[in-house]
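Under the working numbering, think of the first position of the sequence shown as 291, with each following residue one higher. Ideal Cβ placement from N, Cα and C applies to all residues, glycine included. Note that this is a predicted model, so its numbers are computed, not measured.
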Amino acid sequence: MQTSSVLAQAHYNQRIVADMAVVKNTPLTPLTYEQVCNETLDSLSEYFEELVESAPHLKAADVSCSDGVLTVQFGQPYGTYVINRQIPNLQIWLSSPTSGPKRYDFHEGRWVYRHDGVSLHELLNKEISKIVKQEVHFLNCAYSGKNPDQ
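As structure tokens, then:
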């Protein structure tokens with residue numbers, strides 16, 4: 291990463307940490323949900339783009355994010371991931387070609403699948419590292435619940 295990019299990411303992370311402190315201790319309102327969702331999807335989208343660009347075997351992959359829907363098309367044999375907001379439920383939904391559909395609730399500053407307690411970011415770390423064939427760090431993205439002191 292270039293120095294300006296690192297500084298921009300550090301500033302972004304500081305803002306997210308400050309926002310998380312407020313959101314973590316407050317009930318999720320529709321307005322807060324929209325803010326958290328947008329920042330989550332934007333952060334994930336940017337990171338997916340970096341990963342795809344740095345993986346030589348994924349030249350045909352495509353990342354798009356529009357109107358609350360993040361689509362990552364890895365191509366064959368990996369498939370397509372779709373992460374989208376569900377405003378009526380105040381959730382983020384994931385469609386994964388590996389683990390199937392999941393619905394995530396915002397709990398204590400992170401998106402958690404209530405059936406197994408695994409966060410969206412943790413699941414992406416596990417699945418996407420196998421596709422891009424390198425270690426990934428989705429826990430550095432917005433609203434992963436990562437402790438800023440770690």
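- Query: With respect to the alpha helix (DSSP H) encompassing Leu331, which residues constitute its N-terminal and C-terminal limits?
  - Reply: 320 to 344
- Query: DSSP three-state call for Leu413: helix, strand or coil?
  - Reply: helix
- Beta-carbon separation of Cys431 and Tyr368 under 8 Å? no
- Query: Between the C-alpha atoms of Glu343 and Leu413, what's the straight-line distance to the nearest angstrom?
  - Reply: 21 Å
- Query: What's the call for Lys349, buried or exposed, on a 16-neighbour Cβ count within 10 Å?
  - Reply: exposed
- Message: Do Tyr433 and Arg400 count as a contact pair if the criterion is CB distance below 8 Å?
- Response: yes
- Item | Three-state secondary structure (DSSP) of Phe364 | coil
- Hey, how far is the Cα of Trp383 from the Cα of Gly390? 11 Å
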